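See below for the structure under consideration.
In the working numbering, the protein residues as written are 24 to 169.
In C-alpha cells form, the structure reads like this:
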C-alpha cells in the first residue's frame, strides 16, 4: 500500500471511531435518563423505623431509643468459602468410602479391580511362593495402572 492509501485508511478509521464515540455518549445519556426515571418511580423498600420518645415523667429521665436506618442491600456480610464436593447418588455415607477407591486415569471410573503384576516380583517366600506387586485394572475401559 502506498502512503496515500494508508492516510486515507487512517482518516476513514478516525471518522468511524468518532461516530462510535458519539453513539456511546448518546447511549450513556439515555441510560442516565432511564436511571433517573426509575429512581423516582421506585418506592423505598425499607423505610427507617420511627424513633420512640416516652412522655416526660417525674422519675429519672429515660433515654430515647433511636434506630439507625436499614443498611443498603448492596452491603453484604463476607461469605465463608465452601469446598465444592460432588455428592454421590447413593448418599453421603459413600463419601468416606471414596478415599480408598482408585480412580481410573483414563476414564475417571471407580469401577476397578486389583490384580497381581506378574512382571514385578517383590520377594519369594519359602519354596517358590512368589509375592507380586499389585496393579489396578479398570472394568470400564480396560486400562491398567499401578
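Glycine included, every Cβ here is placed at the ideal spot set by N, Cα and C.
Being a predicted model, the structure only gives us computed values, none of them experimental.
query: For residue 168 and residue 158, which I take to be in contact (beta-carbon distance under 8 Å), what is that distance rounded to the nearest angstrom?; result: 7 Å
query: I think residue 138 touches residue 160, with their Cβ atoms under 8 Å apart; what is that distance to the nearest whole Å?; result: 5 Å
query: What residues are listed by DSSP as bridge partners for residue 153?; result: 147
query: Of all Cβ atoms in chain B, is any one closer than 8 Å to the Cβ of residue 57?; result: Of the protein chains in the structure, only one exists, and it is not chain B.
query: Going by alpha carbons, who is nearest to residue 134 out of 140, 141 and 126?; result: 126
query: Please classify residue 26: does DSSP put it in a helix, a strand, or coil?; result: helix
query: Whole angstroms are fine: how far does the CA of residue 34 sit from the CA of residue 26?; result: 12 Å
query: Using DSSP's beta-bridge definition, name the partner residues of residue 136.; result: 160
query: Considering only their Cβ atoms, is the gap separating residue 142 from residue 163 smaller than 8 Å?; result: no
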